[in-house]
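Quick notes on the structure that follows.
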Amino acid sequence: MSSEPKRTIYLNNLNDKVSINKLRSNLATLLQPYNPTNIIVAKTLRLKGQAFITFQDVTNAQAAINQLNNKQLFSKSMRASFAHLENDAVLSPKEQQEQYSRRYTGKIERNKVAKLSRGKPGNQRASTKTRKGDAVVEGQREKNNIDVSMWKNLPPNHILLLQNISSTQVSKETIEALFTNFEGFENTRFVKVRNLAFIEFENEEFAKQCLAAMDDTVLKEKFGNDIIFSYAKK
Numbered sequence: 001m002s003s004e005p006k007r008t009i010y011l012n013n014l015n016d017k018v019s020i021n022k023l024r025s026n027l028a029t030l031l032q033p034y035n036p037t038n039i040i041v042a043k044t045l046r047l048k049g050q051a052f053i054t055f056q057d058v059t060n061a062q063a064a065i066n067q068l069n070n071k072q073l074f075s076k077s078m079r080a081s082f083a084h085l086e087n088d089a090v091l092s093p094k095e096q097q098e099q100y101s102r103r104y105t106g107k108i109e110r111n112k113v114a115k116l117s118r119g120k121p122g123n124q125r126a127s128t129k130t131r132k133g134d135a136v137v138e139g140q141r142e143k144n145n146i147d148v149s150m151w152k153n154l155p156p157n158h159i160l161l162l163q164n165i166s167s168t169q170v171s172k173e174t175i176e177a178l179f180t181n182f183e184g185f186e187n188t189r190f191v192k193v194r195n196l197a198f199i200e201f202e203n204e205e206f207a208k209q210c211l212a213a214m215d216d217t218v219l220k221e222k223f224g225n226d227i228i229f230s231y232a233k234k
């Protein structure tokens, strides 16, 4: 079952032995006639070989799919489809301004705290460490946001995926107990050493219904705050 038309498309089966910059550059060249506004090529190990590309309108997105689907790039045949969800990068000017304002305000507040700390004797070294620590945390947060966005944008699959399971009380049985009442549920596979689980349904429609109905609060309570629930990669 294909996703509904939208401005963001999903690419997979990219050659993951080619550098990210080279892939992005070649995709930009191929897509130049369709005016892409954002090209995100996955960097993490589990998402390598995939990309999400956003366009100004659905017409250009559809044309790009027609152009790229089954096209050879670096000796591999790409697969292109509409993304499951619209990319987070698609923001209206007002939303962009609000996002900028939040980041700018937060930066001002952090600078104020840093200046106050530097004004106290013996705090300069601690202040430097704090700033470095803040930068690392912020960078990791942005990376995690991109990773979550990519997983949430994967196309429909009859298999769902739970990632970042942090609770030590989780077992195959506790996972099955949560999903067994969903229509079309077939089985689960818990990979404890990788902190993830696969939940299989009879078809994509049943999996879609489960994904839409599952409460994030319940998932976090059972599996931890970093849990990601999405379609599994095909």
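Heads up: the sequence shown begins at 1 in UniProt numbering, then just goes up one per residue.
Note that the Cβ used here is the ideal one computed from N, Cα and C, for glycine as well.
Computed from a predicted structure; not experimentally measured.
Thinking residue i and residue j are a contact (beta carbons under 8 Å), I'd like their distance in whole angstroms, please.
i, j, result
"PRO36", "ILE53", "5 Å"
Taking all protein chains shown into account, decide if residue i is buried (16 or more other Cβ within 10 angstroms of its Cβ) or exposed.
i, result
"ASN70", "exposed"
"ALA197", "buried"
"LEU160", "buried"
"LYS192", "exposed"
"ALA28", "exposed"
"ARG7", "buried"
"LEU14", "buried"
"SER75", "exposed"
"ASN60", "buried"
"GLN32", "exposed"
"VAL170", "buried"
"ALA80", "buried"
Check for me: the beta strand (DSSP E) holding residue i runs from which residue to which?
i, result
"ALA51", "51-55"
"ARG194", "Looking at the DSSP string, ARG194 is not in any beta strand (DSSP E), and its letter there is neither H nor E."
"PHE40", "First, the amino acid is wrong: residue 40 is Ile here, not Phe. 36-41 is the extent of the beta strand (DSSP E) around ILE40."
"residue 256", "Outside the shown range of the chain, which is 1 to 234, sits residue 256, and nothing can be said about it."
"GLN169", "That residue, GLN169, is in no beta strand (DSSP E); it is neither H nor E in DSSP."
The alpha helix (DSSP H) spanning residue i covers which residue range?
i, result
"PHE179", "172-179"
"VAL58", "58-68"
"LEU211", "204-213"
Taking Cβ positions, are residue i and residue j nearer each other than 7 Å?
i, j, result
"THR188", "GLU176", "yes"
"PHE82", "PRO5", "yes"
"HIS84", "ASN153", "yes"
"ASP24", "ILE9", "With the sequence shown as reference, residue 24 is identified as Arg, and Asp is not the correct amino acid for it. No, the pair does not count as a contact, with Cβ atoms beyond the cut-off."
"THR164", "ASP226", "The sequence as given places Asn at residue 164; Thr does not occur at that position. Going by C-beta atoms, ASN164 is nearer than 7 Å to ASP226."
"ALA190", "LYS208", "The question names Ala, but residue 190 in the sequence shown is Phe. No, they are not a contact pair."
"residue 241", "PHE201", "Nothing about residue 241 can be read from this structure; the chain reaches only from 1 to 234."
"LEU162", "PHE206", "no"
"GLN50", "ALA63", "no"
"ILE199", "PHE223", "no"
"MET150", "LEU47", "yes"
"GLU204", "PRO156", "yes"
Taking the DSSP output, what are the residues bridged to residue i?
i, result
"ASN153", "Answer is none; ASN153 lacks a bridge partner."
"ILE9", "ILE53 and PHE82"
"ASN225", "ASN225 pairs with nothing; no bridge assigned."
"ARG189", "PHE198"
"LEU162", "ALA197 and PHE229"
"LYS76", "LEU73"
Please check if any C-beta of chain B sits within less than 7 Å of the C-beta of residue i.
i, result
"PHE74", "No chain B is part of this structure, which consists of one protein chain only."
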